[in-house]
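Undergrad: Residue numbers (the working numbering): 473 to 922.
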Amino acid sequence: MQATDGNGSSPKKSSHRLAGISSMVGTTIEWYDFFIYGAAAALIFNKLFFPNLDPLTGVLAAFGTYAVGFIGRPLGGLVFGHFGDKIGRKSMLLLTLMLMGIPTVLIGLLPTYETIGYWAAICLVILRFIQGMAMGGEWGGAVLMAVEHAPDGKKGFWGSLPQASTGGGLMLASIALGLVSLLPEQALFSWGWRIPFLASIVLLGVGWYIRVKVPESPDFEKVKQHAENIKVPALKVFKQHPKQLITIIVARAAENAWFYIASTFTLAYTTTQLGIPRQDILFATICGAAVILFMTPLCGHLSDRVGQRNMFMFGLCVLALFSYPFFSMLNTKDPVLVWTAIVLAIGVVFPIMYAPQAQLFARQFPAEIRYSGISISVQLAGVLGGGIAPLIATKLLSVGGGNPYLIMIYIGSMAMVAIIATTFMPRDRIAQTYQQSNELDLKTKITDQS
């Protein structure tokens with residue numbers, strides 16, 4: 473996968489930094505929109521949109537609307553992946569930004585069950601589905617803009633920057649919901665919960681301003697000039713690259729399930745089952761998200777040294793080993809141990825798996841079908857993993873009589889299956905690309921000094 477733009481080294485040198493940083497900032501905003509819904513589903517929506525259900529069933533119903541966003545993500549990956557391969561990465565990123573931000577604002581204006589009955593839940597599902605479609609197209613475009621602009625030997629690092637935006641979005645969403653949670657309960661459930669959703673209109677403007685400045689991907693420009701015209705890129709993905717599609721779906725499902733269990737299900741589990749104050753869990757989540765911002769680029773940099781596949785498999789091993797200590801620490805209800813468990817789960821275990829994915833998955837497909845390939849596979853993994861994980865975890869908790877041991881088995885089993893799937897991906901080519909990157913940096917420094 474080449475990253476040349478045909479215009480000399482100087483434009484390339486500046487464009488990969490602009491692409492990486494703008495992808496990170498723009499995707500942070502979109503993740504904020506996506507996560508603010510998840511946090512509200514765990515704490516608020518069950519009471520506002522499903523008030524006639526008992527607490528556990530209400531949480532299940534709220535998580536059901538939450539899962540709809542994941543169902544929309546493969547469709548978004550298919551649609552935006554198609555046009556991303558045909559028209560360009562940049563235009564799709566601008567479109568998905570709008571389709572994520574506008575529904576978020578509309579959710580903030582939505583009447584509740586008390587006003588319009590079950591129509592409120594129906595409208596909520598529709599808006600969540602649109603959000604899911606937008607996020608399904610967003611991820612592929614953002615990571616490809618970063619990876620395809622990046623120089624060889626540093627694609628793991630630059631590709632990890634939009635991945636780090638997960639932490640930024642989660643942190644912003646948790647801070648926003650944490651601040652409004654300080655309101656008296658009557659104010660929170662009448663109007664306070666709307667503020668974080670309405671605030672998205674400001675972030676939408678910021679994201680648009682940043683993304684419109686980024687040049688198109690150099691790999692896509694080369695494809696337009698030299699590659700054959702592929703009418704339906706997704707069809708070629710399914711016909712000629714089924715192995716890559718299946719391995720990514722199975723490999724990524726465990727990481728995705730873990731993240732949404734640690735960040736969303738845990739919020740409901742600790743507050744309703746263990747009786748821990750929601751402000752304490754939101755604070756721990758904010759701290760874990762802040763650690764993501766630093767750990768993800770660090771793991772991305774390390775993946776350039778040890779290989780993206782190796783880093784990803786190491787993270788899956790850590791996940792399999794950590795699931796039992798995680799719930800054991802939560803069940804102590806000790807504030808320090810609970811805080812430590814959540815910060816480690818979100819801020820350390822997750823980034824080891826998440827950081828190398830951009831380059832690891834992108835290199836599984838040729839440039840002319842790459843947007844479609846990674847979008848479809850990653851978003852289907854999202855349905856299999858994150859979309860249903862809070863629902864499965866809630867049901868397993870009920871079956872286990874409030875004991876989370878079945879959830880531990882569920883996570884550990886998914887991690888082991890993911891490790892096996894990852895072994896079918898091509899081995900890392902570490903030394904050659906890293907040496908080429910160092911030689912390129914040395915030549916650039918010599919040129920700058922002269």
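By construction, the Cβ of each residue, glycine as well, lies at the ideal position given by its N, Cα and C atoms. Owing to the predicted nature of the structure, the values given are computational and were not obtained by experimental measurement.
I'd like to check one pair, G760 with A618: are the Cβ atoms closer than 8 Å?
TA: No, the Cβ-Cβ distance between A618 and G760 is not below 8 Å.
Undergrad: So, using beta-carbon positions, are A827 and Q635 closer together than 8 Å?
TA: yes
Undergrad: Run the CB neighbour count on R835, radius 10 Å, all protein chains shown included, and call it buried at 16 or more, exposed below.
TA: buried
Undergrad: Let's test the definition: count the other Cβ atoms within 10 Å of the Cβ of N518 and tell me whether it reaches 16, buried, or not, exposed.
TA: buried
Undergrad: What residue from W663, A511 and Y741 has the CA that sits closest to L462's CA?
TA: This structure leaves residue 462 out entirely; the chain is present only between 473 and 922.
Undergrad: Buried or exposed: which applies to Q697, given that a residue is buried once 16 or more other Cβ atoms fall within 10 Å of its Cβ?
TA: exposed
Undergrad: List, from N- to C-terminal side, the alpha helix (DSSP H) runs of 4 residues or more that fit wholly inside the region 693-766.
TA: 705-712 and 714-732
Undergrad: From the DSSP output, in three-state form, read off Q635 for me.
TA: Helix.
Undergrad: If you count every other CB in all the chains shown that lies within 10 Å of the CB of M570, and 16 or more means buried, which is it?
TA: exposed
Undergrad: Take I682 and list the residues in its own chain whose beta-carbon comes closer than 8 Å to its own, dropping the five residues that flank it on each side.
TA: The residues S494, V497 and G498, in chain order, have a CB closer than 8 Å to that of I682 in the same chain once the five nearest residues on each side in sequence are set aside.
Undergrad: Given a cut-off of 8 Å on the beta-carbon distance, is the pair V540 and R600 in contact?
TA: Yes, the Cβ-Cβ distance between V540 and R600 is below 8 Å.
Undergrad: Could you please give the first and the last residue of the uninterrupted alpha helix (DSSP H) stretch that includes T866?
TA: A861 to V871
Undergrad: Anyone know if the C-beta pair for G631 and V615 falls short of 8 Å?
TA: yes
Undergrad: Going by other Cβ atoms of all chains shown within 10 Å of its Cβ, with 16 needed for buried, is G766 buried or exposed?
TA: For clarity, residue 766 is Phe in the given sequence; the question names Gly instead. It counts as exposed.
Undergrad: Should E610 be labelled buried (16 or more other beta-carbon atoms within 10 Å of its own) or exposed?
TA: buried
Undergrad: Pull up the distance between the alpha-carbon of I720 and that of P546, whole angstroms please.
TA: 14 Å
Undergrad: Under 8 Å between the Cβ atoms of T568 and I764?
TA: no
Undergrad: Is it buried or exposed, S689, if we count other Cβ atoms within 10 angstroms and call 16 or more buried?
TA: Result: buried.
Undergrad: Based on Cα-Cα distance, which residue from L717, T576, L578 and G549 lies nearest to L565?
TA: G549
Undergrad: Assess, as a yes-or-no matter, whether the region 804-814 is touched by the region 850-858 under the definition of 3 or more beta carbon pairs within less than 8 Å.
TA: no
Undergrad: Report yes if the C-beta distance between L642 and W503 is below 8 Å; otherwise report no.
TA: Yes, Cβ-Cβ distance for L642 and W503 is below 8 Å.
Undergrad: Can you tell me the Cβ-Cβ gap for A725 and M886, rounded? I've got them flagged as a contact below 8 Å.
TA: 6 Å
Undergrad: Under the rule that 16 or more other beta-carbon atoms within 10 Å means buried, what is S646, buried or exposed?
TA: buried
Undergrad: Would you report the Cα separation of Y843 and G544, rounded to the nearest angstrom?
TA: 17 Å
Undergrad: Answer yes or no: do L802 and T742 have a C-beta to C-beta separation smaller than 8 Å?
TA: yes
Undergrad: Just the Cα atoms here: how many angstroms apart are L507 and G873?
TA: Strictly speaking, residue 507 in this sequence is Phe, with Leu absent from that position. Answer to the nearest angstrom: the Cα atoms are 29 Å apart.
Undergrad: If you drop the 5 nearest sequence neighbours on each side, which residues of the same chain put their C-beta closer than 6 Å to that of S849?
TA: So the qualifying residues of the chain are L717, I720 and I721.
Undergrad: Can you find the residues in the same chain that come closer than 7 Å, C-beta to C-beta, to A706, ignoring five residues on each side of it along the sequence?
TA: L550, G553, H554, S844 and I848
Undergrad: Can you find the residues in the same chain that come closer than 7 Å, C-beta to C-beta, to V577, ignoring five residues on each side of it along the sequence?
TA: F669, L670, S672 and I673
Undergrad: Give the straight-line distance between the Cα atoms of F833 and I758, rounded to the nearest whole angstrom.
TA: 28 Å
Undergrad: Which ranges does the beta strand (DSSP E) cover as unbroken runs of at least 3 residues, wholly within the region 815-854, from first to last along the chain?
TA: none
Undergrad: According to DSSP, is P690 helix, strand or coil?
TA: helix
Undergrad: Using 8 Å for Cβ pairs, my map puts Y733 next to P583. What's the rounded Cβ distance?
TA: Here residue 733 turns out to be Ile, not Tyr, going by the sequence shown. Contact doesn't hold; Cβ gap of about 31 Å is too wide.
Undergrad: Would E693 and M825 be called neighbours here (beta carbons separated by less than 8 Å)?
TA: no
Undergrad: Between the beta-carbon of A648 and the beta-carbon of F737, is there less than 8 Å?
TA: no
Undergrad: With distances taken between CB atoms, is the gap from L633 to P769 smaller than 8 Å?
TA: yes
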